[in-house]
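Line order of the protein sequences matches chains S and E.
As numbered in our numbering, residues 5 to 858 make up the first sequence, in order.
As numbered in our numbering, residues 102 to 536 make up the second sequence, in order.
Think of the CB as a built atom: it goes at the ideal place given N, C-alpha and C, for glycine as much as any other residue.
Quick caveat: nothing in here was measured; it's all calculated off a predicted structure.
Structure first, commentary second.
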Amino acid sequence: MPRPRPRPIRFSIDGREVEAAENLMLVDAAKHGDVEIPVFCYEPKLGHPVGACRMCLVEIEGIPKLQTACSTPVKDGMVVHTQTDRVREAQEAVVEFLLINHPLDCPVCDKGGECPLQDVTFGWGPGRSRFIEPKRHFVKPLELSPVIAIDRERCILCYRCVRFSQEVAEDYQLVLLERGAHSYVSTFDGHPYVGPFTGNIIELCPVGALTSRPYRFRARPWDIEGAASVCTLCPSQCNVELTVRDERVMRVLSRQNDEVDDGWLCDKGRFAYQAVHVDQRVTAPLLREGGELREVSWERALDHAVGALARAGARTGALAGEGTTNEEAFLLGRLLREALGSPHVDSRAAAALPAGLHRALCHPRRQATVPDLEFAHAVLVLDCEPVDDAPIIDLRIRKGVRRHGLRLAVATSRPSSLDANAALSVRFSPGAGGAFVAALAAALTGADSEELAERAGADAGSVSALAELLRAAEDEEDGRREVVIVWGERLAHGALADQTIGDLVALADALEVHQAPGAGLLELPVHANGRGMREAGLVPDAGPGLAELGPGQAGRASAQIAAGLAEGDLVALYLLHVDPLRALPDRPAWERALAGAATVIAHAPLLTDGLREHADVVFPAEAYPEKEGTVVHPDGRLQRLRPGIAHPGEVRDGWRVLAELARRLGTDLGVASAGEASAQLFAAVSFYSGLTLEQIGGRGLRWPEREQAATEFGEREAPPAPTRDRAPEHQPPTLAGAAANGALHLDSYRSLWSAPEVQASPSLAFLHPQQRAEIAPADAQRLGVRDGQRVTVCAPTNGQPAAGQEGAGAREVQATVALRHALTPGVVLLQDGLERDSANALGDPGSAVEVRPE
Amino acid sequence: MERLLFAGIDEPGLDTLEVYERRGGYQALRRALQMTPEAVLHELEESELRGRGGAGFQMAKKASFLPKGSMDKYLCCNADESEPGAFKDRELMQKNPHQLIEGVVIAAWSAGINRAFIYIRGEYVLQADILDAAVAEAERAGYLGERILGSEHTLSLVVHRGAGAYICGEETALLDSLEGKRGNPRLKPPFPANQGLYQGPTLINNVETLSAVPHILAMGGADYARLGVANSTGTKVVSVSGHVQRPGNYEIELGIPSREIIYGLAGGPPEGRAIKCWFPGGSSAPVLTAEDLDLAYDFDSMAKAGSMLGSGSIIVIDDSTPIIDVALKVAKFYRHESCGKCTPCREGTNWTVTMLERIDAGLATPMDLDIMASVQDHIIGHCLCVLGDSMAMPIGSMIAKFRDEFEAHMEAARHSSPLGTAPPDTAPALIQGAV
Ligand SMILES: Cc1cc2nc3c(=O)[nH]c(=O)nc-3n(C[C@H](O)[C@H](O)[C@H](O)COP(=O)(O)O)c2cc1C
Ligand code: SF4
Ligand code: SF4
Ligand code: FES
């Protein structure tokens, strides 16, 4: 859909001539004339105005009745009055009406001091009340959910929360019940309001009717300070404002940045700050002594680590994950490559890619942005689930469909939460994303796609229909075609990763995404700063700036690091914000690796299973509110993290620890401050060169939009598509070799809630998932299992007992059966990223597994 | 007096196709289908027919607002008739359903509409059953469905039963309810003619408006316009209720003296009683008094007198009823029916009722009357839909016209109240409490 192109007009407000964009709502246009019109229900983030509260009434010449400024688009020559007696009387009347049933319990209300109702009453209210009747009463406060309290007496029925649920999150849970003065907000079924985005209604509520339970009675607005940062609990990297009191994060609010988050946060981002201040936080260095991790001094921990690293030297591997900053990733790369002489670094959960492919993927002309999702003609969601992988992206896609007529197509192996919004949904077999991309690329380039579709386990007709949908996604007027492909990092798994990514680039090029500014690819990486870590050079096949490495300089990718540790080729493992047992594929291989490694050194704010059992040294790491540095959003936006609170206990900056280790190993990295680390990074990454932290500022800066990027990657010609010299080698999914009867294809996903921070946050912990085995009802019947039954899912045993294969790492998990009608028969869907019973214990998506009643 | 909509209304079996056709039914449709939609619309324009549902907007003008083009367009017949005092649509649907159906089919043809709904209030079970049967009959006879009577016109008609909310008679709330949502009014613009049901262009008309359509086509728009008076053409079915000897529906030519309806047709109040006030257009119309009985009963005269013709429902109140009872009845109805979406109506109706109750209980002072009057002023013109005004206007008119009676009532009630004869200025301490 074309982006709106505002036309400037002039209108008069309170006697002043003001310029504004045509059709801007009067409330917003008035601001151009420094006139504030009070509102309650108006919130453009929620879509069309509803005109419910009537707070914004103004007088417009030529219209006899007062009009709601929130819903009146400004026109050229309009004459508006907001200060006449008529308007003032109406405004006072509305405030009086709103207050007659409001409890006026400001002294004990969390909203007090930051309450729009207080402010509007003060500014536009009558100053006295004539109401002496009894007020309306409700039982209060009630738990709307474990994180939200609702006080219905304070509610002014502005509809904001209900509209959010209905029209933004589209969870359709919140409604108004009853009628008239008895109306109240509730979930339709009276159950708690639980979902990925519920906390946003707390910020939307203009009164103290919806308050955060973890924040209740913790602070007053005059006790707190706001600190701007970026949430790095997932790749959405929403901009946040941390509410800080006495060096503690008390709450997290959205710091609206339309280019990134539209002013929304998911509940993980909003509530998982609690994990910053829990007792189990690692706040001192830990050293394994006598089989136990014990707190030791920094000196001892560093000594021990340096000794082990010096011994291991080039036989060290290093991995980083989650919210590792660009600077940390960059310095870790230097520590390994320069101080230890080891090239074995990785930050990906999927297979390694050659530098050329990395560069092809992040070519500025192929790069889509977050707002592109809203205005594109078509979006293809490919082998990912935005609500789990980067939830704010899910909201943006929904917005595009709802408000801008975006055509959405979904191509995934499992049912998608976006299916209901999609014009077309296509399913393929678990793990067959690569074959599917090959088929779709073939269909788009006019090659034969039928056989490939079959290998992907997809319906050939649907693949053609999808190709047609994407090809036909053109503007009715000017014929422009803007297609955005949102894809998940996991698409590039397995031996054919290069080929798959080559096909993906070919697919994008066939759609000519480089010709349209609003089109392109958007990858959802597994790690929150997946993109930044790569650009900082923490991948085995590319250096900082995704530069080609010299001959013989390539290192091992994570899977090969695991193999090396198990076999003894490598002896030490360095882990920066990552527990491979939890975050990476093939848990059994990692269990062998961790058991085989002579030394495991980790930076972590919280201990997870892998570290608890295998780490020899644990450095207490910063949680993101303590961090200073930069990260890169999936669309290429560099963003700044700024410390909102001091380091608790003995926590030290990640960059400082890495530099210190290098120094003790005899290499001076030359960084003495976070700023220096950033400066080094900017100098080392060709397309960041010349950047400063000031330029990145509070809103971030997209490097693909910089001139350097255009020069470096080539502005004019179409980007070079990587060559495909191998014929597609994708194998059709098969259960061959598995015990035919009980075998199913494994599919897996990582839930939004599978995070150590969720687990550690008291009021979010209830969301931390237990393993579920989702299967189609027909399979359940065939296997004789019921919904809710406990089962064991295991790698096929061909009649042998399942347990104890190859020593460590039993290939089996326990799960509770959940029937799912939308699931393709023959598939069992499990979760990844869990501490126990995670799907990565069983194998990659597509492998054969058995489901057996316990 | 000429009867159109009510011609032969009591003839047994008129609700069947057979009798309706025998009396010349569906001839107007045949005629309309011979004409172009534009020509049909032209006839409707000539008739100057104004909507009978309350707002009195010219029907043909509204139909002409629908955009041309091949998009899905809808017609919704508003049969939610829930206003106290209104019961004309009930009789029209119960006794002559085919007249309405014929009107729907013709109106749809004139505006290029292919899908129609009759949204009928939930309590009208009998009438909905009758309509369902009539729709089935009409479908069988080829008056509904694909290519009606061999013409280019295709129309489906569904009778949809509401769930008993007055607000669903407000046209946009009706659309939300029809779409399966909570029946709350929508913000206008966009008007239904542009974006109505399922966001498509939608024509919404009252049962009586649509029932008049076949007659306009039968006699020609110009001849229809000769009935009634300027700006209020045609006939109107008036529901007369309250203190009259012969309550019921009467079809009149617009513009006859109101006295002729209330006294001539409905027999006036019972022997020995006098009219205290009357609502000329349902409970939402400001009240008029006996002095206004000689006004012509048409849209403009009622508006000039400070009231409105509305849906044409006259409620007569005689001198045996205290005005406070009337006010309470009206206010309670609107408080109960307020959807609660917008502030002035939700809070104002509730506040008004509690004040009236206090007045009735003798716990009020004349100052409360001023507050109550100002609350009505604060509601009027400030709401999202006109339900709020529908309470505030009649209540405001009662305070203005019967202030003495309110005060006398207050005084009398105070003597028997818990406060006894305590001087009225005990209350201000409470009232003055600052926010
Ligand atoms: C609260 C409220 C209730 C209404 N109820 C009805 C009703 O029951 N029947 C009706 O025809 N119009 C009703 N109306 C008027 C409709 O909104 C609309 O104006 C009418 O249906 C248009 O039809 P007409 O032009 O044929 O009169 C109501 C309006 C309001 C504000
Ligand atoms: S709870 Fe808050 S956001 Fe929801 S309707 Fe009430 S005042 Fe508005
Ligand atoms: S005026 Fe009353 S009925 Fe109409 S929208 Fe407002 S609250 Fe609802
Ligand atoms: S802000 Fe305009 S009606 Fe609520």
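- For L275 of chain E, not one C-beta of chain S is nearer than 8 Å to its own C-beta.
- Residues P381, M409 and L410 of the same chain have their beta carbon placed closer than 6 Å to that of M403 of chain E, with the five preceding and five following residues left out of the count.
- When DSSP states are grouped into helix, strand and coil, Y351 of chain E belongs to the strand group.
- The CB of P111 of chain S never comes closer than 7 Å to any CB in chain E; the least such distance is about 14 Å.
- Under the DSSP definition of a beta bridge, R374 of chain E lacks any partner.
- In summary, M59 of chain S is buried, with 16 or more beta-carbon neighbours lying within 10 Å of its beta-carbon over all protein chains present.
- Remark: the C-beta of I268 of chain E is in contact range of ligand 3, defined as less than 7 Å to any heavy atom.
- Distances from the CA of Q371 of chain S to each of S:T329, S:D266, S:V166 and S:R535 were compared; the closest alpha carbon is that of S:R535.
- Within chain E, the C-beta atoms nearer than 7 Å to that of A56 of chain S come from K442, C443 and L485, in chain order.
- In the structure shown, H367 of chain S adopts coil according to DSSP, grouped into three states.
- Per DSSP, the unbroken beta strand (DSSP E) holding Y753 of chain S starts and ends at A747 to R754.
- Burial is judged here by how many other beta carbons sit within 10 angstroms of a residue's own beta carbon; Y197 of chain S has at least 16 and is buried.
- In its chain, beyond the 5 residues on either side, V253, A627 and P629 have a beta carbon closer than 7 Å to the beta carbon of V280 of chain S.
- In the three-state DSSP reduction, R436 of chain E falls in the helix class (H, G or I).
- Counting C-beta atoms within 10 angstroms of its own C-beta, S677 of chain S has fewer than 16 neighbours from the protein chains shown and is therefore classed as exposed.
- Apart from the 5 residues on each side of it in sequence, A782 of chain S sits with its Cβ closer than 6 Å to the Cβ of P829 in its chain, given in chain order.
- For a Cβ distance threshold of 7 Å, nothing in chain E lies close to N243 of chain S: the least Cβ distance comes to about 31 Å.
- Residues of the same chain with a CB within less than 6 Å of the CB of A239 of chain E, apart from the 5 flanking positions on each side, are I202 and L245 in chain order.
- For R58 of chain S, the distance from the CB to the nearest heavy atom of ligand 4 is below 7 Å.
- The C-beta of H52 of chain S has fewer than 16 other C-beta atoms within 10 Å across all chains shown, which makes the residue exposed.
- Under the DSSP definition of a beta bridge, L118 of chain E lacks any partner.
- Residues of the region 59-72 of chain S with a Cβ closer than 9 Å to any Cβ of chain E, in chain order: M59, L61, P68, K69, L70 and T72.
- Going by DSSP, R167 of chain S is part of no beta strand (DSSP E) but of the alpha helix (DSSP H) stretching over R164 to R167.
- At a threshold of 7 Å, G263 of chain E does not count as near ligand 3, since its beta carbon sits no closer than that to any of the ligand's heavy atoms.
- Only those residues of the region 93-112 of chain S whose C-beta falls short of 9 Å from the nearest C-beta of chain E are listed: E93, A94, E96, A97, V98, V99, E100, F101, L102, L103, I104, N105 and L108.
- G131 of chain S sits exposed, since fewer than 16 C-beta atoms from the chains shown fall within 10 Å of its C-beta.
- In the three-state reduction of the DSSP assignment, Y188 of chain S falls in the strand class, which pools E and B.
- Any heavy atom of ligand 3 counts here; residues with a Cβ closer than 6 Å to one of them, in chain order, are E:I268, E:P286, E:S439, E:C440, E:G441, E:K442, E:C443, E:C446, E:R447, E:C484, E:L485, E:C486, E:L488 and E:G489.
- By the C-beta density criterion, G369 of chain E is buried, having at least 16 other C-beta atoms within 10 angstroms.
- Residue nearest to G356 of chain E within the set E:R327, E:F503 and E:P348 is E:R327 (criterion: CA-CA distance).
- For I67 of chain S, the number of other beta carbons within 10 angstroms of its own is below 16, and it is reported as exposed.
- Rounded to the nearest whole angstrom, the C-alpha separation of Y398 of chain E and L457 of chain E is 31 Å.
- The beta carbon of A25 of chain S sits no closer than 7 Å to any heavy atom of ligand 1.
- By the Cβ-count criterion, K139 of chain S is exposed, with fewer than 16 other Cβ atoms from all chains shown falling within 10 Å of its own Cβ.
- Inclusion of S682 of chain S and D350 of chain S in the CB contact set at 8 Å is not warranted, their separation being larger than that value.
- Under the 8 Å criterion on CB atoms, I472 of chain E is classed as interfacial with respect to chain S.
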